[in-house]
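Quick notes on the structure that follows.
Residue numbers (the numbering used here): 17 to 204.
Below is the structure:
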């Protein structure tokens with residue numbers, strides 16, 4: 017059998033609409049194959065220091081450092097067809113991590129949290145709707161969220177447990193993810 021990314025490149029129409037998350041064990045021919053097909057987002061060490069920074073790479077622009085929310089690190093986790101990027105960044109003083117959306121026009125914009133100290137954005141559709149997870153007040157639970165420019169952060173909750181995460185959203189606003197139930201079972 018083929019390696020997962022090798023198989024994907026040989027059998028699927030991989031283009032800038034694809035988002036490969038946590039493909040950490042790809043070999044050089046595989047990551048070059050992904051890069052040749054369009055935009056790539058992720059994180060890299062910034063030149064001259066040890067800060068991990070979110071980036072966007074396209075054939076037209078090369079690697080673009082997306083910055084941080086005033087702290088030492090950020091990571092990009094998703095991109096849509098309009099080139100809008102989502103992920104998470106440490107906040108000032110590295111006190112917390114918050115979800116962000118990045119656009120070429122506005123740069124990095126913090127999305128906030130559901131009352132807790134941490135949040136991460138994982139997916140964005142072509143309507144600019146963002147999904148992810150955030151800690152709640154007192155940081156005792158993590159809930160899935162939906163963010164829209166008009167409505168802000170919306171708590172999607174859990175399936176009765178303490179953990180929920182939204183991983184992706186399509187252009188019809190259908191969200192997929194996983195959550196724990198009241199009995200601790202993890203469901204997709």
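All C-beta atoms, glycine included, are put in the ideal place defined by N, C-alpha and C.
Inter-residue Cα distance where the pair is residue i and residue j
i           : j           : result
residue 173 : residue 159 : 5 Å
residue 86  : residue 191 : 30 Å
residue 186 : residue 144 : 10 Å
residue 16  : residue 56  : No statement about residue 16 is possible, as the shown extent of the chain runs from 17 to 204 and does not include it.
residue 58  : residue 67  : 13 Å
residue 16  : residue 77  : Nothing in the structure corresponds to residue 16, since the chain is present only between 17 and 204.
residue 153 : residue 100 : 29 Å
residue 26  : residue 177 : 40 Å
residue 117 : residue 137 : 8 Å
residue 121 : residue 24  : 33 Å
residue 75  : residue 199 : 48 Å
residue 201 : residue 107 : 32 Å
residue 19  : residue 189 : 32 Å
residue 21  : residue 119 : 28 Å
residue 181 : residue 17  : 32 Å
residue 112 : residue 30  : 34 Å
residue 34  : residue 169 : 25 Å
residue 28  : residue 54  : 14 Å
Beta carbon of residue i nearer than 8 Å to that of residue j
i           : j           : result
residue 183 : residue 167 : no
residue 69  : residue 81  : yes
residue 103 : residue 88  : no
residue 203 : residue 162 : no
residue 124 : residue 94  : no
residue 105 : residue 132 : no
residue 135 : residue 149 : yes
residue 179 : residue 196 : yes
Anticipated Cβ contact below 8 Å, residue i with residue j, distance rounded
i           : j           : result
residue 146 : residue 130 : That belief does not hold up - the Cβ atoms of residue 146 and residue 130 are roughly 13 Å apart, past 8 Å.
residue 92  : residue 72  : 7 Å
residue 96  : residue 142 : 5 Å
Residue i: first and last residue of the uninterrupted beta strand (DSSP E) it sits in
i           : result
residue 22  : It is not in any beta strand (DSSP E) - residue 22 instead sits in the alpha helix (DSSP H) that spans 20 to 27.
residue 178 : 176 to 185
residue 165 : Unbroken run through residue 165: none, as it is neither H nor E.
residue 136 : 131 to 140
residue 194 : 191 to 197
residue 147 : 146 to 152
Checklist entry - At what residue ranges does the region 42 to 127 contain a whole run of the alpha helix (DSSP H), taking only runs of 4 or more? => result 44 to 52
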